[in-house]
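Residue numbers (my numbering), protein chains in the order written: chain D, 1 to 304; chain Y, 1001 to 1391. Ideal Cβ placement from N, Cα and C applies to all residues, glycine included. Read the structure below first, then the notes.
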Amino acid sequence: MTLFIEQCLNGLQFGLLLFMLAAGLTLVFGIMDLVNLAHGSLYMLGAYFAATFSALTGSFVLGAILAMLATLLVGMVVEVVAMRRLYGRDHLDHVLGTFGLILFFNESVRLIWGPAGLALPLPGWLQQPISILGFQYSAYKFSIIVVSLIVAGGLYALVMRTRIGMLIRAGASNREMVGALGVNIKLLYTLVFGLGAALAGLAGLMQAPILTVQIGMGENILILAFVITVIGGIGSIRGALVAALLVGFIDTLGRSYLPDMLREVLSPAAASTLAPALSSMLIYLLMAIVLIVKPEGLFSAGQR
Amino acid sequence: MRNALMAAGAVVLLAAQPALAQQKSIKIGFVSTFSGPTAVIGNDMRNSFELALDHMGRKMGGIPVEVIYEDDAQKPDVGKQKTEKLIESDKVDFVTGYIWSNVLLASIKPVVDSKTFLISANAGPSQIAGELCSPYFFSTSWQNDQTPQAMGLYMNQKGVKSVFLIGPNYAAGKDMLAGVASTFKGKVVGQELTTWPSQLDFSAELAKAKASGAESIFVFYPGAAGVQFLNQYAASGLKGSVPLYTAFTIDELSLPLQKDNAIGVPGAQEWVNDLPNEQNKKFVADYRKKYTGLRPTYYGAQAYDAAQLINSAVVATKGNLSDKAAVQKAMEKADFKSLRGGFKFGNNHFPIQNFYLQDVVKDADGQLSLKTVATIVKDDQDRFHDKCPMK
């Protein structure tokens, strides 16, 4: 039972982290109708900035805040310099343009920080295990859950309760009409893109101490973020949250229970070969099923 | 005048002919990882290989040495491509390096098919020790199973009753877990293989190990994954209740990042920086002098030995590398001063050697370093040599 609760916490933590990444992606996709493959690069930059700033300031929290601001800034600059050229064009042009940005960011990082990658060490108080519900759990993972929940709540309030949020929602439903009503859509786009970048940066810097800060770290996880965007419905924040949690739980629980279940029915050798392959496929199976049943995704942008 | 010039030209050409037949230089291809998070390992191997060449005056048997370094990016397909390039277009005399067993398994065929000698300076997959063994393959490291086998023996000595095994899902990971299970006398409660090299979050596996009730955990995670595993092991609260036993998880590259989390975690190894032989003392001292701020690892020591093995063959055959049988015979003698104090080759060209228990201690300058505690097993030969058809 403890194992199940602990794995659920792991799944929750992974899901919320994926939500940080997918939220920005789905906003940009839904509102600007822009396929942004370079979202993973912003995730990577968040991690590199955090490693650099926390080494400079000597404080993990301060480094994290500075890194988020820096990614926000980079995101806004990228929007103004590069993305504006891509609006209204074909999706294929978006893919081509943002893929170019991935190469640009990867090489820039190689030039600035070197090919080897960095480590983002945690402060001592986050390395100690804490006791929740009668068992020991990693304090850092727990703090990721807390921070992500706060950010998710803040994002919900921003999108549902503020004037900017109203414009964002309106933009996702009908862009032309929002522009026609005299809203400065350019500024809105820059803001939304910057927000998405900052969220990706936050995800990257929170994941950095668990994983390693390295070139190309965003590309693997970007695929997951796209899966979430598709499952949740393009442009829907709520859909992104539900889909991210689903993916997080399925990935973590699948990894921990599937091998045992397979061992019951198959020979140990076959099970140990099949289980890792199958558990990494589970989320794609989920996506396929969702696409068959609801091709628009769980929450399509209209009904948010 | 014209005739004279032509005659002179012909003489020059004639004079050049025998020089072409002889070796102008010894060409060595070196395939390792020089980009990504495990590039530190490749760099350490290159540093040690370069140091070995420095110690030889950058000549082997009086012939200058040329090394071509290639980056495999830790990917089998890239490693194979780079190896083929070294064989086909650079026409190297020897290929060495290879950190990763899956890269080596993908790359070995084009090398041995072209009758070029391959010296693995790290990877030692069981397949190559057994049925895939080749007269053109040599190892200056170990067969993958050997080191964890030694760890299993140590765990028996400590009276450990049960263990949970965790490792990466690729050729070496499978060998390592099979290795420890083959010598460990207690019960293997469970085993987890993780996606390699992308998975660095081990929370699900650690939670399962905790829930299994195993008395101990054995783990194999080289490079950056080892840092993450050890840190997450400490953060999960298992440290102190479920002791950890390792192979290739703590070394001089990962230790500065693992810091205090590595203290009290034993590992097995065939080379430790404090092995008390003259050549090793010189190696460690010169390495630290040449590459300030860095310390050599077992990866480097094995690469240094690979350079020495090649040198011994070139010297013994007086640079006549076209006589493959003679080169092979010379290498089989392992006639050089190994940094681990000497070893001999088994029938499958893998070393028969000692394995030591290493521990993390604070050294004289207050830095964490590795130290030999005991010899776990003497003159150990891998358990696949019977399957190799070479006698």
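Unbroken beta strand (DSSP E) run spanning residue i, endpoints
i: residue 1247/Y; result: 1244–1247
i: residue 1372/Y; result: 1368–1380
i: residue 1216/Y; result: 1216–1219
i: residue 266/D; result: Where residue 266/D is concerned, there is no enclosing beta strand (DSSP E), given that its DSSP letter is neither H nor E.
i: residue 1187/Y; result: 1187–1194
i: residue 1027/Y; result: 1026–1032
i: residue 1184/Y; result: Run containing residue 1184/Y: none; DSSP gives neither H nor E here.
i: residue 1069/Y; result: 1063–1071
Sequence-distant residues of the same chain with beta carbon closer than 8 Å to residue i, five excluded per side
i: residue 1108/Y; result: 1118, 1128, 1132, 1134, 1137
i: residue 308/D; result: What the structure shows of chain D is the stretch from 1 to 304, and residue 308/D is not part of that stretch, so it cannot be assessed.
i: residue 12/D; result: 145, 245, 248, 249
i: residue 167/D; result: 178, 183, 188
Residue i (DSSP reduced to helix, strand or coil)
i: residue 1259/Y; result: helix
i: residue 298/D; result: coil
i: residue 160/D; result: helix
i: residue 273/D; result: helix
i: residue 1092/Y; result: coil
i: residue 128/D; result: coil
i: residue 233/D; result: coil
i: residue 1352/Y; result: strand
i: residue 1167/Y; result: strand
i: residue 1125/Y; result: coil
i: residue 1049/Y; result: helix
i: residue 201/D; result: helix
i: residue 177/D; result: helix
i: residue 1097/Y; result: strand
i: residue 105/D; result: helix
i: residue 1202/Y; result: coil
i: residue 308/D; result: Since the displayed chain D opens at 1 and closes at 304, residue 308/D lies outside it and no answer follows.
i: residue 1384/Y; result: coil
i: residue 1060/Y; result: strand
i: residue 1360/Y; result: strand
N- and C-terminal bounds of the alpha helix (DSSP H) containing residue i
i: residue 1269/Y; result: Segment 1267–1269 is the beta strand (DSSP E) holding residue 1269/Y; no alpha helix (DSSP H) there.
i: residue 5/D; result: 2–32
i: residue 136/D; result: Here residue 136/D belongs to no alpha helix (DSSP H); instead the beta strand (DSSP E) covers 135–138.
i: residue 74/D; result: 60–81
i: residue 1118/Y; result: Segment 1117–1120 is the beta strand (DSSP E) holding residue 1118/Y; no alpha helix (DSSP H) there.
i: residue 1139/Y; result: Note, residue 1139/Y: premise wrong, no alpha helix (DSSP H); beta strand (DSSP E) at 1137–1139.
i: residue 988/Y; result: Residue 988/Y lies beyond the stretch modelled for chain Y, which goes from 1001 to 1391, so this question has no answer here.
i: residue 1310/Y; result: 1298–1316
i: residue 49/D; result: 39–57
i: residue 1156/Y; result: 1146–1157
i: residue 1231/Y; result: 1224–1235
i: residue 1326/Y; result: 1324–1332
Beta-carbon contacts of residue i that lie in its chain and below 6 Å, excluding the five residues immediately before and after
i: residue 1170/Y; result: 1102, 1196
i: residue 219/D; result: 40
i: residue 1172/Y; result: 1101, 1144
i: residue 1029/Y; result: 1068, 1086, 1092, 1095
Sequence-distant residues of its chain with Cβ nearer than 7 Å to residue i (five each side left out)
i: residue 155/D; result: 23, 237
i: residue 80/D; result: 190
i: residue 241/D; result: 19, 152
i: residue 254/D; result: 279, 282
Exercise for the section: Using a Cβ-Cβ cut-off of less than 8 Å, give me the residues of the segment 136–148 of chain D that come near chain Y, in sequence order. Expected result: 136, 137, 138, 139, 140, 141
Practice task
Would you be able to state if there are at least three C-beta pairs under 8 Å between the segment 1323–1340 of chain Y and the segment 1300–1308 of chain Y?
Solution key: Output reads yes: the segment 1323–1340 of chain Y touches the segment 1300–1308 of chain Y.
Practice task
Below 8 Å between beta carbons is the criterion; list the residues of the segment 1171–1197 of chain Y that meet it against any residue of chain D, in chain order.
Solution key: 1191, 1192, 1193, 1194, 1195
Problem - Given 8 Å, three or more beta-carbon pairs between the segment 95–112 of chain D and the segment 25–44 of chain D - result: yes
Problem - Residues within the segment 243–262 of chain D neighbouring chain Y, beta-carbon criterion of under 7 Å - result: Under the 7 Å Cβ criterion, the segment 243–262 of chain D contributes 252, 255, 256.
Problem - Residues, ordered as in the chain, of the segment 2–14 of chain D that lie near chain Y by beta-carbon distance below 7 Å - result: 2, 3, 6, 7, 10
Exercise for the section: Could you please tell me which residues of the segment 20–46 of chain D, in chain order, have their CB closer than 8 Å to any CB of chain Y? Expected result: Answer set for the segment 20–46 of chain D: empty.
Handout entry: the segment 1020–1037 of chain Y: positions lying closer than 8 Å to chain D by Cβ
Key = 1034, 1035, 1036, 1037
Exercise for the section: Count the CB pairs spanning the segment 1349–1357 of chain Y and the segment 1232–1247 of chain Y that are closer than 8 Å, and state whether there are at least three. Expected result: no
Problem - Residues from the segment 1234–1252 of chain Y in contact with chain D, defined by Cβ distance under 9 Å - result: 1234, 1235, 1236, 1237, 1238, 1239, 1241
Practice task
Report yes or no: do the segment 1214–1224 of chain Y and the segment 1082–1091 of chain Y share at least 3 C-beta pairs separated by less than 8 Å?
Solution key: no
Problem - Residues in the segment 267–289 of chain D having any Cβ partner in chain Y nearer than 7 Å - result: 272, 276, 280
Problem - Residues, ordered as in the chain, of the segment 213–234 of chain D that lie near chain Y by beta-carbon distance below 8 Å - result: 214, 215, 216, 220
Practice task
Answer yes if the segment 55–70 of chain D comes into contact with the segment 127–140 of chain D, meaning at least three C-beta pairs across the two stretches below 8 Å, and no otherwise.
Solution key: no
Exercise for the section: Could you tell me whether the segment 1262–1278 of chain Y touches the segment 1314–1334 of chain Y, using the rule of 3 or more Cβ pairs below 8 Å? Expected result: no
Exercise for the section: For the segment 49–67 of chain D and the segment 157–170 of chain D, state whether three or more C-beta atom pairs, one from each stretch, are separated by less than 8 Å. Expected result: no
Handout entry: Residues, ordered as in the chain, of the segment 113–131 of chain D that lie near chain Y by beta-carbon distance below 7 Å
Key = 115, 116, 117, 119, 127, 129
Exercise for the section: Count the C-beta pairs between the segment 1176–1183 of chain Y and the segment 1203–1212 of chain Y that are closer than 8 Å, then say yes if the count reaches three, no if not. Expected result: no
Practice task
Report yes or no: do the segment 1186–1205 of chain Y and the segment 1245–1252 of chain Y share at least 3 C-beta pairs separated by less than 8 Å?
Solution key: no
Practice task
Identify each residue in the segment 197–214 of chain D for which the Cβ-Cβ distance to at least one residue of chain Y is less than 7 Å, and report them in chain order.
Solution key: 210, 211, 212, 214
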